[in-house]
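Notes to accompany the following structure.
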Amino acid sequence: MKKDLILLHGALGAAKEFERFVLDLSEHFNVYSFDFSGHGNNDSTEKFSMSLFAENLKDFIIANELDRPQIFGYSMGGYVAYTLAIKEPDLLGDIMSLGTKLKWDVLTAKAETKKLNPQIIEEKVPKFAQYLDSLHLDWKQNMLKTVDLMIDLGNGAALELSDFSKVQNKCFIGLGDHDEMVSCRETNEVHDALPNSHYYSLINTRHPLNQIDKDLLVNQIIEFLG
103 MKKDLILLHG ALGAAKEFER FVLDLSEHFN VYSFDFSGHG NNDSTEKFSM SLFAENLKDF
163 IIANELDRPQ IFGYSMGGYV AYTLAIKEPD LLGDIMSLGT KLKWDVLTAK AETKKLNPQI
223 IEEKVPKFAQ YLDSLHLDWK QNMLKTVDLM IDLGNGAALE LSDFSKVQNK CFIGLGDHDE
283 MVSCRETNEV HDALPNSHYY SLINTRHPLN QIDKDLLVNQ IIEFLG
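All residue numbers for the sequence shown refer to this note's numbering, where the first residue is 103 and numbers rise by one.
Right under this line is the structure:
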């Protein structure tokens with residue numbers, strides 16, 4: 103019997119980005135994905151927060167009557183899974199995260215948000231702007247709300263290491279070996295804090311999901327969550 107698997111997208115992302123993975127994963131899992139509030143085709147006027155996205159995940163699990171589904175969370179998706187697991191561990195099965203930014207402070211938030219100016223991106227990186235426009239109903243609004251989310255995380259809304267110690271689910275916490283956004287140090291610190299964690303690394307892998315080798319990631323998901 104196939105296990106249920108939910109794929110959680112990252113910040114500025116959408117469920118659509120997982121389309122190239124679904125066919126291969128469907129041979130091993132009942133695959134699900136959805137857009138967090140204010141992402142993709144899911145319009146929302148709500149302020150972005152990890153608590154809001156964790157509620158999105160909880161609501162999706164309940165609405166689809168899923169019993170402890172396996173979770174793959176890319177980047178922010180991993181953070182959302184850990185956030186929900188702290189509050190309601192019995193809702194989730196095993197959690198696999200990749201490239202999740204786990205350490206937030208004022209300086210980190212400042213460094214990340216200075217890259218997220220819709221007007222400058224539209225002028226200087228038009229291909230990226232077009233890509234975001236293909237994902238979202240309103241990518242500029244999504245980006246501005248993501249900036250506010252990161253600022254809130256830097257100002258104290260982020261999880262502490264002691265919070266991760268409350269996650270009882272089996273976890274696989276990973277990082278691309280060429281990830282330019284997330285450090286090996288912060289990933290290993292959370293790995294050590296999680297009670298039941300396995301660390302992994304994807305070779306020749308940078309942060310962007312659309313640049314990750316499909317077969318490499320699919321095989322890793324099958325190995326860990328199958």
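Where a beta carbon is used, it is the ideal one built from N, C-alpha and C, also for glycine.
Keep in mind the model is a prediction, meaning the values are calculated, not measured.
Start and end of the beta strand (DSSP E) containing residue i?
i           : result
residue 106 : 105–110
residue 175 : 172–176
residue 197 : 197–200
In the DSSP assignment, find the alpha helix (DSSP H) that holds residue i and state where it starts and stops.
i           : result
residue 152 : 152–165
residue 244 : 241–254
residue 264 : 263–266
residue 307 : No alpha helix (DSSP H) holds residue 307; DSSP gives it neither H nor E.
residue 212 : 208–215
residue 289 : 286–295
residue 314 : Element bounds for residue 314: n/a, residue is neither H nor E.
residue 237 : 228–237
Could you give the C-beta distance for residue i and residue j, rounded to a whole number, given that I count them as a contact under 8 Å?
i           : j           : result
residue 330 : residue 181 : Outside the displayed range of the chain (103 to 328) lies residue 330, so it cannot be described from this structure.
residue 237 : residue 116 : 4 Å
residue 316 : residue 170 : No, residue 316 and residue 170 are not in contact; Cβ-Cβ is about 27 Å, not under 8 Å.
residue 154 : residue 127 : 27 Å between Cβ atoms; not a contact.
residue 204 : residue 186 : Wrong, their Cβ atoms sit about 15 Å apart, outside the cutoff.
residue 70  : residue 142 : In the structure as shown, the chain begins at 103 and stops at 328. Residue 70 is therefore absent and cannot be evaluated.
residue 250 : residue 150 : 6 Å
residue 114 : residue 198 : Contact doesn't hold; Cβ gap of about 21 Å is too wide.
Since residue i sits in a beta bridge, which residues does DSSP pair it with?
i           : result
residue 128 : Answer is none; residue 128 lacks a bridge partner.
residue 300 : 274
residue 135 : 109
Let me make sure I understand the geometry here. Which of the options has the alpha-carbon closest to that of residue i?
i           : options               : result
residue 302 : 283, 291, 322 and 162 : 322
residue 206 : 252, 105, 150 and 292 : 252
residue 295 : 261, 311, 138 and 127 : 261
residue 124 : 326, 319 and 167      : 319
residue 300 : 185, 306 and 325      : 325
residue 280 : 173, 192 and 307      : 307
residue 263 : 109, 157 and 292      : 292
residue 120 : 156, 297, 241 and 174 : 174
residue 168 : 235, 192, 277 and 204 : 192
residue 218 : 200, 241, 202 and 267 : 241
residue 105 : 310, 195, 178 and 276 : 195
residue 305 : 283, 184 and 277      : 277
residue 189 : 157, 220, 198 and 200 : 157
residue 266 : 184, 129 and 151      : 184
residue 145 : 309, 239 and 314      : 239
residue 259 : 147, 114 and 208      : 208
residue 313 : 268, 282 and 179      : 282
residue 310 : 129, 178, 166 and 164 : 178
residue 152 : 221, 202 and 230      : 202
residue 129 : 148, 147 and 103      : 103
>> With three or more C-beta pairs closer than 8 Å as the rule, is the segment 265–278 touching the segment 238–247?
In response: no
> Would the segment 274–287 and the segment 126–133 be scored as touching if the rule is three or more Cβ pairs under 8 Å?
Replying inline: no
>> Three or more C-beta pairs under 8 Å: does that hold for the segment 223–234 against the segment 207–214?
In response: no
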